[in-house]
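In the numbering used here, the protein residues as written are 6 to 92.
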Amino acid sequence: IIKGALPLYRWRIRSSIYKWYKILHEIDLKLESLDKSELPKIKEDLEKMAEDIQKSSKIPLSYMGEYYDLRVHANLILGRIEKLLQK
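And the structure:
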């Protein structure tokens, strides 16, 4: 039972991080093709997502690297949105 519990635990923690990455990746892929009028809504959604990530994540210390990578990537996409809005 213990042998199976550790991989299951790892999968559970990583899946909680990767579910956010899926959303972030979808936003990233469609970002350049969006109309400028759609960007404020996407930005608002991404800011809400970043807030949700910070509030709801109970990530163990050993997975903080992946967690902070996710937050950095979310901020990177937000920066790209802001640049597109300024054009």
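Backbone N, C-alpha and C define an ideal beta-carbon position, used for all residues, glycine too. In this text, all values refer to a predicted model and were calculated from it rather than measured experimentally.
query = Counting Cβ pairs closer than 8 Å, one from the region 13-30 and one from the region 69-83, do we hit at least three?
reply = yes
ask   = Where do the N-terminal and C-terminal ends of the alpha helix (DSSP H) with Lys-63 fall, by residue?
value = That residue, Lys-63, is in no alpha helix (DSSP H); it is neither H nor E in DSSP.
Rounded separation between Lys-88 and Lys-27 - CA only = 23 Å
query = Are the beta-carbon atoms of Asp-50 and Ile-32 separated by less than 9 Å?
reply = yes
request  = Mind reading off the beta-carbon distance from Leu-36 to Arg-76? Whole number of angstroms is fine, and I expect it under 8 Å.
outcome  = Actually they are not in contact, since the Cβ atoms of Leu-36 and Arg-76 sit about 18 Å apart, beyond 8 Å.
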